[in-house]
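The block underneath contains the structure these notes are about, expressed in structure tokens.
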């Protein structure tokens with residue numbers, strides 16, 4: 113299978129955000145999710161975008177929004193996820209504030225797409241799943257349009273379990 | 394310079410229904426002075442080391458004379474959440490709250506070392522221009538103040554100046570406790586984001602040869618979650 117079979121379209125992803133009543137996206141932008149960023153950044157998206165200077169700030173802004181009654185989504189890349197580990201520990205693991213992350217697998221070789229991420233030659237891709245397992249954070253992999261229903265599950269799980277849930281975006285999103 | 398009881402006491406006495414986000418040093422003082430009504434009622438705000446001792450002494454006396462009130466006040470007063478243990482998290486936690494609750498004032502009592510850890514947060518806050526946010530930083534030049542007073546990385550960082558250049562609507566530095574008490578309601582009423590740098594004397598250190606460090610209480614590791622839930626419920630009740 114080629115890249116196109118593993119590319120989630122921005123329109124499908126955006127529809128999933130709207131279906132889940134996401135009202136804020138808090139982000140340090142991600143190369144893998146560029147087409148979705150572009151869709152959300154449009155004036156008519158109905159979603160407020162908050163760009164932060166780093167991913168720690170993204171997590172704490174999202175925590176404040178959640179406590180204040182809003183429904184944010186965090187968007188970042190794998191390097192950003194590693195960058196904000198201590199904040200994620202405090203907010204999601206210890207303070208049990210629910211939130212959902214969409215994390216792009218930046219750096220993934222196209223030749224690895226369709227194969228296990230654990231076989232990637234690049235550490236930033238290879239360690240994502242073991243990292244999330246090690247910190248006991250639920251996660252799902254998004255590999256195709258059909259997988260976007262996992263966003264619904266992620267919000268349900270995050271709120272039920274009062275934790276963070278990560279969706280790993282495996283391939284560059286399609287510009288359609 | 395003002396002392397830490399003055400810095401925190403002015404906020405406790407004057408915040409009304411505002412949401413308050415605090416860092417560790419301020420949390421310890423607020424825990425001791427807030428009392429059952431959350432307002433630091435009766436706690437004198439007097440300058441100098443004598444004022445610090447007097448303020449904490451009166452707060453302690455209140456707990457002895459009114460143990461039921463002290464028990465009720467255990468933990469944070471309504472509307473307060475502490476970014477603990479999460480150094481650097483306070484300002485953007487407050488930003489999220491301010492954006493989610495635009496009809497409410499949000500005050501953050503940040504620490505100097507904490508803000509330095511996430512200095513880029515000034516740009517993140519300023520870019521959103523939350524009109525209801527008052528960002529205070531306790532500038533006492535120390536970490537673990539009152540315990541060992543380790544120095545922060547720089548002696549005279551100009552926090553207010555940096556906040557102004559980052560794009561805060563207003564920023565100023567205040568040295569004197571009486572001036573802080575006078576300016577607080579004015580700053581809180583201003584269109585934000587407003588930044589105020591409070592020049593605060595370090596609390597005298599306790600450590601010396603032979604000193605034994607006590608274990609930190611368990612709730613220091615769990616209270617942020619409890620406070621998040623309590624704050625969520627408090628906001629929901631206010632909205633109902």
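Chains as they are written, first to last, in our numbering: chain A, 113 to 288; chain B, 394 to 633. Glycine included, every Cβ here is placed at the ideal spot set by N, Cα and C.
For residue 453(B), the enclosing alpha helix (DSSP H) stretches over residues 441-458. Under a criterion of Cβ atoms nearer than 8 Å, the residues of chain B adjacent to residue 173(A) are, in order, 485, 486, 488, 489, 492, 517. Between the region 593-607 of chain B and the region 525-541 of chain B, the count of C-beta pairs closer than 8 Å reaches three or more; the two stretches touch.
Looking at 137(A), 206(A), 171(A), the one whose alpha-carbon comes closest to that of residue 194(A) is 171(A). What residue 199(A) touches in chain B, judged by beta-carbon distance under 7 Å, is 479, 482, going in chain order. At a cut-off of 9 Å, the C-beta of residue 614(B) has a neighbouring C-beta in chain A. Counting only the Cα atoms, residue 167(A) lies some 21 Å from residue 125(A).
The bridge partners DSSP lists for residue 137(A) are 161(A), 185(A). Three or more Cβ pairs drawn from the region 409-426 of chain B and the region 468-478 of chain B lie within less than 8 Å of each other, which places the two stretches in contact.
Annotation: residue 207(A) to residue 201(A) spans about 8 Å, alpha carbon to alpha carbon. The beta carbon of residue 139(A) does not come within 9 Å of any beta carbon belonging to chain B, so the residue lies off that interface. For residue 557(B), the enclosing alpha helix (DSSP H) begins and ends at 552-559. Counting of Cβ neighbours within 10 angstroms places residue 604(B) among the exposed residues, the total staying below 16.
Within chain A, not a single residue places a beta-carbon under 8 Å from that of residue 409(B); the smallest gap is close to 18 Å. The criterion of a C-beta distance shorter than 9 Å is not satisfied by residue 214(A) and residue 203(A). Per DSSP, reduced to three states, the secondary structure at residue 503(B) is strand.
By the Cβ test, the region 547-562 of chain B is in contact with the region 528-537 of chain B, since at least three Cβ pairs between them sit closer than 8 Å. The C-beta separation of residue 218(A) from residue 236(A) comes to about 7 Å, placing the pair in contact by the 8 Å criterion. For the region 136-166 of chain A, the set of residues with a beta-carbon nearer than 9 Å to any beta-carbon of chain B comprises 136, 138, 160, 162, 163, 164, 165, 166, in chain order. Residue 455(B) is not a Cβ neighbour of residue 432(B), given a cutoff of 9 Å. Going by DSSP, residue 566(B) is part of the beta strand (DSSP E) stretching over 563-567.
Sequence-distant partners of residue 514(B) (beyond 5 residues in either direction) whose C-beta falls short of 7 Å from its own C-beta, in its chain, are 484, 485. Nearest CB-CB separation between residue 248(A) and chain B: not below the 9 Å threshold.
Residue-level contact by beta carbon fails for residue 270(A) and chain B, as no gap is shorter than 9 Å. For residue 470(B), same chain residues with a beta-carbon under 6 Å away, outside a window of 5 residues either side, are 427, 431 in chain order. Chain B places a beta carbon closer than 9 Å to that of residue 177(A), counting this residue as a contact. Taking 9 Å as the cut-off, the beta carbon of residue 229(A) is found closer than this to the beta carbon of residue 253(A). Between residue 446(B) and the set 397(B), 583(B), 499(B), the nearest pair of CA atoms involves 397(B).
What residue 180(A) touches in chain B, judged by beta-carbon distance under 7 Å, is 489, 490, 493, 494, 628, going in chain order. Contacts with chain B (Cβ-Cβ distance below 9 Å) from the region 207-238 of chain A involve 207, 208, 209, listed in chain order.
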